[in-house]
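Report on the structure given below.
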Amino acid sequence: MFQREDEEGPQSLCHQRVEGVISPCLDLRSASKWLARLEHLQKGLQDMKYQIEGASEDERQGILFTETVMADELPLNCRTPAIAEYDGTTDPMEHLSRFENAALLHRYTDGIKCRVFVTTFARAAQQWFNQLPVGAIGSFQEFRSLFLHQFASSRKLRKAELSLFAIRQKDDEPLKEYLQRFNAATLEVPAATQEVKASAFSQGLLDGDFFKSLDKKLVSKFDALLARAAKYINMKEAQAAKKETRGEKRKEIKEEAPSKEPRIDC
Numbered sequence: 001m002f003q004r005e006d007e008e009g010p011q012s013l014c015h016q017r018v019e020g021v022i023s024p025c026l027d028l029r030s031a032s033k034w035l036a037r038l039e040h041l042q043k044g045l046q047d048m049k050y051q052i053e054g055a056s057e058d059e060r061q062g063i064l065f066t067e068t069v070m071a072d073e074l075p076l077n078c079r080t081p082a083i084a085e086y087d088g089t090t091d092p093m094e095h096l097s098r099f100e101n102a103a104l105l106h107r108y109t110d111g112i113k114c115r116v117f118v119t120t121f122a123r124a125a126q127q128w129f130n131q132l133p134v135g136a137i138g139s140f141q142e143f144r145s146l147f148l149h150q151f152a153s154s155r156k157l158r159k160a161e162l163s164l165f166a167i168r169q170k171d172d173e174p175l176k177e178y179l180q181r182f183n184a185a186t187l188e189v190p191a192a193t194q195e196v197k198a199s200a201f202s203q204g205l206l207d208g209d210f211f212k213s214l215d216k217k218l219v220s221k222f223d224a225l226l227a228r229a230a231k232y233i234n235m236k237e238a239q240a241a242k243k244e245t246r247g248e249k250r251k252e253i254k255e256e257a258p259s260k261e262p263r264i265d266c
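Residue 181 in UniProt numbering is what sits at position 181 of the sequence shown, and the numbering runs on without skipping anything.
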């Protein structure tokens, strides 16, 4: 607590203060004392900065995390997640999602999540973490927010629904491969509706048997279109397998048949 005015002798009402609250009216002597205290505080912060810069990685983490985070004991069987390091150049949300899935699997506490998450950093991400102020991270939620804000520029931009209409089945591309490629593209357009996806997929089809079958019976929902395409693909694969089997049997019969060449008697 701050020293009371009555300990320094009589003061005017302007200089009186309640414990812990400084009056805006300070005489020259009081102002000098507060300036001295401020200089002492600045020196302490500077010393702490030097300590951080010269600390080992473990010591640095202990300084950047709050006591609450450091209080969680590391289990003897604690494992670091088997995920790729994050260097600041790829989508931070993807890295965070992979880590959170691993943390859920290993049942990390909040404090352990903070201390393990930083071990997945490399290069630019590690440099950013090292420059955080003392006690900047008091929970994983805070760490998460700081991380996503710092590397927001590396996030993948969500594509618009119209991008799906640019996907076309190639001339030599089987329906199965086109379907897989289109499905992968829809993951980047989470806002696309069933109707939009069905329309875009249909418009990208080659003018083949499956496209003609859709002309006869329209499908407006993408899930229903997927089921119909899968059924068509299975039918075509079964036909191809049956045709191949018949070809092998014909070959075997031909090889086993007796020769019809005329017999020559010596």
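For every residue, glycine included, the Cβ atom is placed at its ideal position computed from N, Cα and C.
Cut-off 6 Å between Cβ atoms - residues of its own chain near residue i, not counting five sequence neighbours on either side
i	result
Ile-112	Asp-72
Ser-32	none
Tyr-178	Gln-169
Identity of the residues DSSP links to residue i by a beta bridge
i	result
Ile-233	For Ile-233, which the question treats as bridged, DSSP gives no partner whatsoever.
Tyr-86	Phe-121
Ile-137	Phe-65
Closest residue to residue i among the options (Cα-Cα distance)
i	options	result
Ser-220	Ala-198, Leu-214, Gly-208	Ala-198
Ala-160	Ala-152, Ala-191, Met-93, Leu-179	Ala-191
Gly-135	Ala-227, Glu-67, Glu-244, Lys-216	Glu-67
residue 281	Leu-218, Leu-157, Leu-146	With the chain represented from 1 up to 266, any question about residue 281 goes unanswered, as that position is not in the structure.
residue 269	Arg-158, Asp-209, Ser-202, Ala-166	Residue 269 cannot be examined here, being either before or after the span of the chain that is shown, 1 to 266.
Arg-228	Lys-242, Lys-243, Ser-202, Arg-155	Ser-202
Ser-163	Asn-183, Leu-96, Leu-104	Asn-183
Thr-96	Leu-148, Gln-127, Gln-194	Before going on, a small fix: residue 96 reads as Leu here, not Thr. Minimum Cα distance to Leu-96 is reached at Leu-148.
Arg-79	Ile-63, Leu-105, Glu-85	Leu-105
Glu-85	Ala-166, Lys-176, Glu-100, Thr-119	Thr-119
Ala-200	Lys-176, Gln-239, Leu-225	Leu-225
Asn-130	Ile-63, Thr-109, Glu-173	Ile-63
Local conformation of residue i per DSSP, three classes
i	result
Tyr-178	helix
Ile-63	helix
Ile-112	helix
Arg-107	coil
Lys-221	coil
Beta-carbon proximity list for residue i, same chain, < 7 Å, skipping 5 on both sides
i	result
Arg-168	Gly-204
Asp-207	none
Phe-211	Leu-205
Gln-150	Trp-128
Arg-155	Asp-91, Pro-92, Met-93
residue 334	Given that the chain is displayed from residue 1 to residue 266, the structure contains no residue 334 and the question cannot be resolved.
Sequence-distant residues of the same chain with beta carbon closer than 8 Å to residue i, five excluded per side
i	result
Cys-114	Phe-65, Val-69, Ile-137, Ser-139, Phe-140, Phe-143
Arg-123	Asp-87, Gly-88
Glu-195	Ser-220, Lys-221, Phe-222
Ala-102	Pro-81, Ala-82, Ile-83
Limits of the alpha helix (DSSP H) - the one that residue i falls within
i	result
Phe-210	209 to 216
Leu-146	140 to 150
Leu-76	Segment: none, Leu-76 is in no alpha helix (DSSP H) and carries neither H nor E.
Gln-194	194 to 203
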